[in-house]
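With the numbering used here, letter number 152 in the sequence shown gets 151, and the count goes up by one each step, no holes. One structure is given below, encoded as structure tokens.
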Amino acid sequence: MEPSQEFKIVTLGEGRVGKTSLTLKAARGQFHEDERSTVNANFLQKDITFQGNQIRLHLWDTAGQERFRALAPNYYRGAKGAIVVYDITDKSSFDRVVSWVKELSMQADKDICIVIAGNKCDREKERQISKAEAMEYARKVGVLHFDTSAKTGMGVEEIFSELGRLVYEV
Ligand code: GTP
């Protein structure tokens with residue numbers, strides 16, 4: 000079945016938080032322990048079915064390293080959805096979420112749908128951001144928050160299908 004609608008989605012977040020791993024898991028069911036840092040950006044597609052409609056997500060997975068920082072607007076421009084990712088074992092990556100959400104709300108399309116992924120939930124014992132703090136922040140800025148693990152697959156289908164639903168319904 001050919002997709003009835005296509006949407007541009009971007010992943011943002013600090014380096015090494017798992018942006019590539021989440022998109023790779025969602026699009027191809029794969030996970031690599033030794034995933035390399037992205038240079039510029041990667042492109043993948045994911046099809047989802049929503050209320051009998053086939054929807055294609057064009058996933059632009061951006062590079063999180065600071066030296067690629069200036070490229071990000073090229074990728075979020077025109078995006079209908081954004082997944083802002085942090086690593087639950089790294090406090091500074093959560094602080095970075097706050098600045099991405101601010102930047103998106105000022106610079107991206109006004110109707111962009113944002114969701115937050117607290118990734119690497121398979122490493123719960125090393126958690127540095129309490130779930131309550133993350134949920135409270137997400138509630139305050141009015142976006143959905145998902146616990147994910149690209150390694151185990153936890154929350155991966157959920158976050159992509161929920162974002163697909165949101166962009167479809169906008
Ligand atoms: P940049 O390209 O540098 O921005 O990184 P990224 O955010 O795309 O992270 P990437 O997917 O390359 O993952 C970085 C490292 O974290 C890799 O070694 C992955 O295997 C690992 N990783 C990613 N997601 C998870 C996860 O959910 N759990 C665990 N345990 N490791 C993960």
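Virtual Cβ for every residue (Gly too), placed ideally from N, Cα, C. Everything numeric in this text was worked out from a predicted model, so none of it was measured.
Close Cβ partners of residue i (< 7 Å) along its chain, the five nearest in sequence each way excluded
i	result
Glu161	Val114 and Leu143
Lys90	Gln127 and Ile128
Asn39	Ala62, Phe67 and Leu70
Ile111	Ala78, Lys79, Gly80, Ala81 and Leu103
Limits of the beta strand (DSSP E) - the one that residue i falls within
i	result
Glu5	Gln4 to Leu11
Between the CA atoms of residue j and residue i - distance to the nearest angstrom
i	j	result
Glu156	Gln44	14 Å
Ile54	Thr22	16 Å
Phe42	Met153	22 Å
Lys139	Trp99	15 Å
Residue burial classification, residue i (beta-carbon count within 10 angstroms, cutoff 16)
i	result
Lys119	buried
Glu135	exposed
Glu123	exposed
Leu103	buried
Phe93	buried
Lys109	exposed
Lys101	exposed
Contacts around residue i, its chain only, beta-carbon distance under 8 Å, and the 5 residues preceding and following it disregarded
i	result
Lys130	Gly117 and Asp146
Pro72	Gln106
Thr88	Lys119, Arg122, Glu125, Arg126 and Gln127
Extent of the continuous alpha helix (DSSP H) to which residue i belongs
i	result
Lys101	Lys90 to Gln106
Leu23	Lys18 to Arg27
Arg164	Val155 to Glu168
Beta-carbon spacing of residue i, residue j below 9 Å
i	j	result
Lys79	Phe159	no
Lys18	Val97	no
Contacts around residue i, its chain only, beta-carbon distance under 6 Å, and the 5 residues preceding and following it disregarded
i	result
Ile82	Thr10, Val114 and Ala116
Asn52	Ser3
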